[in-house]
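Residue numbers (the numbering used here): 8 to 126.
Next up, the structure:
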């Protein structure tokens, strides 16, 4: 099984758990059920971050520091923090949550810096 296939199956399983059991806050974060769900959802976010970091580790070694920083900053702006979709039935309708939705001023500053750098 490829890492991408494993990641997709894991995302689908976490989505199924979320659909079946809801949000951790529904049970109370101090309860055993809430803590278990929160841990599972945190693991999902860590997997997404790890995949993003793995992409950056494969960058060309001859890129300048400015180019690597710009690529990283662009990924922060353009990469969803969380994507939810329904894997059952082949539906690909997605809801994506981006950093810009939570911290629009940081996203705007990042875009301006990328433009200033000519990237």
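All residues carry an ideal CB built from backbone N, CA and C; glycine is no exception.
Using the rule of at least 16 other Cβ atoms within 10 Å of the residue's Cβ for burial, across every protein chain shown, is residue 31 buried or exposed?
Around the beta carbon of residue 31, a 10 Å sphere encloses 16 or more other beta carbons of the protein chains shown; the residue is thus reported as buried.
Just grab the DSSP bridge partners of residue 112 for me.
Partner(s): none; residue 112 has no beta bridge.
Give me the residue from 18, 112 and 55 with the minimum Cα distance to residue 86.
Ranking the options by Cα distance to residue 86, first place goes to 55.
Residue 118 and residue 83 look like a contact to me (Cβ under 8 Å); what is the Cβ gap, rounded to whole Å?
About 11 Å separates the beta carbons of residue 118 and residue 83, which is beyond the 8 Å limit, so they are not a contact pair.
What do you get for residue 44, buried or exposed, if any count of 16 or more other CB atoms within 10 angstroms of its CB means buried?
Residue 44 is buried by the Cβ-count criterion.
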